[in-house]
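Sequential numbering from 1 applies to the sequence shown in the UniProt record's numbering.
Think of the CB as a built atom: it goes at the ideal place given N, C-alpha and C, for glycine as much as any other residue.
Everything numeric in this text was worked out from a predicted model, so none of it was measured.
First comes the structure, then the notes that go with it.
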Amino acid sequence: MSKEIKNIELMIIGGGPAGLTAAIYAARAKLNMMLLENAVLGGQVRTSYTIENYPGFKTVEGGKLADLMQEQAEELGAVIDEFDSVQSAKLTDNEKIIETDSYIYKPKAVIISTGATPKKLPLPNEEKFTSKGVHYCAVCDGAMYEDKVIAVVGGGNSALEEALFLTKFAKKVIMIRRYDYFKGEKATLHEVLNHPKIEVMYNWDLVNVEGESFIDRGIIKNTVTGEQKEIAMDAVFGYIGTEPKTDLFKNDLNLTKAGYIIADENMRTNVKGVYAAGDVREKQFRQITTAVADGTIAALDAEKYIVEQRRDK
């Protein structure tokens with residue numbers, strides 16, 4: 001049975017801050033649009049426990065901020081589908097085809113805001129112990145380890161923030177840092193270094209985890225001396241960077257070696273009418289505020305492009 005073809009003006013793929021912001025602007029512009037998100041609306045924001053650097057909020061829970069963005073978009077008339085996964089995408093200057101489980105969409109313009117996923121820890125036993133001691137989302141899984149020893153691997157803001165969050169549950173949090181410095185914000189680092197539940201291990205690298213059904217120890221190696229030893233741990237949370245969700249678009253769009261979409265200051269890609277916004281785009285800073293800015297610019301430029309397409313008919 002063939003799928004129904006739907007001709008729309010704008011397709012937004014991905015419902016994080018960039019995608020939801022684009023949806024708000026598209027809805028205000030009365031565009032015939034659709035936002036597709038097959039994971040969780042709000043993206044990585046929803047898995048953030050507390051956000052303290054978003055203008056207008058001294059502090060706000062990530063889930064609450066995501067809910068507010070979604071609510072605003074839907075009240076303005078944005079159409080959001082959380083249950084129809086994208087199977088394939090064909091993007092050219094003259095035609096855009098997005099096939100989902102249920103439909104074939106032919107939009108005039110596309111905004112890609114699929115975001116990025118956490119990089120997996122390079123451990124021999126990573127797959128064996130995924131969700132059995134190896135995790136990547138403290139908000140999702142931290143409560144499983146009440147009064148346990150939890151390790152955190154990473155050196156940026158995410159690692160620092162999640163280590164602080166995990167102190168709500170853990171008896172002890174061990175930060176394993178392969179260098180002798182962190183790259184996060186000074187205020188957050190100060191809080192980590194002065195927290196009674198957190199131990200920082202500089203110049204150590206986690207090289208494997210071991211256990212029976214669940215992990216009970218980690219193997220760490222000193223990056224200066226080469227010394228290797230075991231330490232007790234009940235879980236490890238990895239924050240060593242992200243990988244963009246761009247597999248669907250690699251045949252049509254210009255990507256960096258790391259897989260991020262190359263787009264200009266107007267979020268335009270190498271294909272006319274196709275835009276990239278948020279963490280999926282190659283850029284220096286990946287913050288909620290920069291994602292929101294990307295979504296704004298992409299939607300405004302897409303609206304101009306769509307209006308021009310109407311005139312050409």
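Looking at the structure shown, is valine 45 part of a helix, part of a strand, or coil, going by DSSP?
Three-state DSSP puts valine 45 in a helix.
Assign arginine 310 to buried or exposed, taking buried as 16 or more other Cβ atoms, counted over all protein chains shown, within 10 Å of its Cβ.
Answer is exposed; the Cβ neighbour count stays below 16.
Figure out for me which residue from Ile215, Val79, Phe57 and Leu91 has the closest Cα to the Cα of lysine 148.
Among Ile215, Val79, Phe57 and Leu91, the Cα nearest to that of lysine 148 belongs to Ile215.
If you follow the alpha helix (DSSP H) that residue 346 is in, where does it begin and where does it stop?
Absent from the model: residue 346. The displayed extent of the chain is 1 to 313, so no value can be given.
Are the CB atoms of leucine 91 and phenylalanine 249 nearer to each other than 8 Å?
Yes; because the gap between Cβ atoms is below 8 Å, this pair is in contact.
With 16 as the cutoff for other CB atoms within 10 Å, does threonine 114 come out buried or exposed?
By the neighbour-count rule (16 or more Cβ atoms within 10 Å), threonine 114 is buried.
Please determine, among Tyr105, Phe83, Ile24 and Leu160, the residue with the shortest C-alpha to C-alpha distance to serine 2.
If we check each option's Cα against that of serine 2, Tyr105 comes out closest.
What did DSSP end up calling aspartate 216 once you bin it into helix, strand or coil?
In the structure shown, aspartate 216 sits in a strand (DSSP, three-state: E or B).
Output needed for glutamate 199: all residues of its chain with C-beta closer than 8 Å, excluding positions within five of it in sequence on either side, in chain order.
Correct list, in chain order: Lys172, Val173, Ile174 and Met175.
Can you find the residues in the same chain that come closer than 6 Å, C-beta to C-beta, to glycine 259, ignoring five residues on each side of it along the sequence?
Same-chain partners within the cutoff: Pro244 and Thr246.
Please report the Cβ distance between alanine 253 and proline 107, rounded to the nearest whole angstrom; I am assuming they are in contact, meaning their Cβ atoms lie under 8 Å.
Contrary to the premise, residue 253 reads as leucine rather than alanine in this sequence. Wrong, their Cβ atoms sit about 15 Å apart, outside the cutoff.
Assuming leucine 123 and leucine 31 make a contact with CB atoms under 8 Å, what is their CB distance in whole Å?
That pair is no contact at about 46 Å.
Might you give, ordered along the chain, the residues of its own chain that have their beta carbon closer than 6 Å to the beta carbon of glycine 184, omitting 5 neighbours on each side?
Correct list, in chain order: Gly156, Asn157 and Leu160.
In chain order, what residues of the same chain have a beta carbon less than 7 Å from the beta carbon of glutamate 126, not counting five sequence neighbours either side?
Taken in chain order, the residues that qualify are Lys120 and Val134.
Would proline 55 be called buried (16 or more neighbouring beta carbons within 10 Å of its own) or exposed?
With fewer than 16 other Cβ atoms within 10 Å, it is exposed.
Output the distance between the C-alpha atoms of phenylalanine 57 and aspartate 67, rounded to the nearest integer angstrom.
Taking the straight line joining both Cα atoms gives about 14 Å.
Quick one, are the C-beta atoms of tyrosine 145 and aspartate 180 less than 8 Å apart?
Cβ distance not < 8 Å, so tyrosine 145 and aspartate 180 don't count as in contact.
For glycine 154, which residues from the same chain have a beta carbon less than 6 Å from its beta carbon, with the 5 sequence-adjacent residues on both sides left out?
Excluding positions up to five away in sequence, the list reads Tyr239 and Ile240.
If distances are taken between C-alpha atoms only, which option among Glu212, Asp279, Cys140 and Gln287 comes closest to glutamate 52?
The option with the nearest alpha carbon to glutamate 52 is Gln287.
So which of Asp312, Leu166, Glu308 and Ile297 has the shortest CA-CA distance to isoleucine 111?
When each option's Cα is compared against that of isoleucine 111, the closest is Ile297.
Taking the beta strand (DSSP E) that proline 17 belongs to, which residues open and close that run?
Run containing proline 17: none in the beta strand (DSSP E); it sits in the alpha helix (DSSP H), 17–28.
In whole angstroms, give me the CA-to-CA distance for threonine 100 and leucine 35.
Near 12 Å, if we compare the C-alpha coordinates of leucine 35 and threonine 100.
Is glutamate 282 near threonine 242, with beta carbons less than 8 Å apart?
Going by C-beta atoms, glutamate 282 is not nearer than 8 Å to threonine 242.
Going by beta carbon distance, what residues of the same chain come within less than 8 Å of isoleucine 261, once the five residues before and after it are set aside?
Excluding residues within five positions, the ones whose Cβ falls inside 8 Å are Ile112, Pro244, Thr246, Phe249, Leu253, Asn254, Leu255, Thr269, Ala276, Val280, Arg281 and Glu282.
Could you tell me whether the region 12–24 touches the region 67–84, where touching means 3 or more Cβ pairs closer than 8 Å?
A contact exists between the region 12–24 and the region 67–84.
Can you tell me the Cβ-Cβ gap for glycine 16 and glycine 43, rounded? I've got them flagged as a contact below 8 Å.
Between glycine 43 and glycine 16 the Cβ distance is about 3 Å, and since that is below 8 Å, they are a contact.
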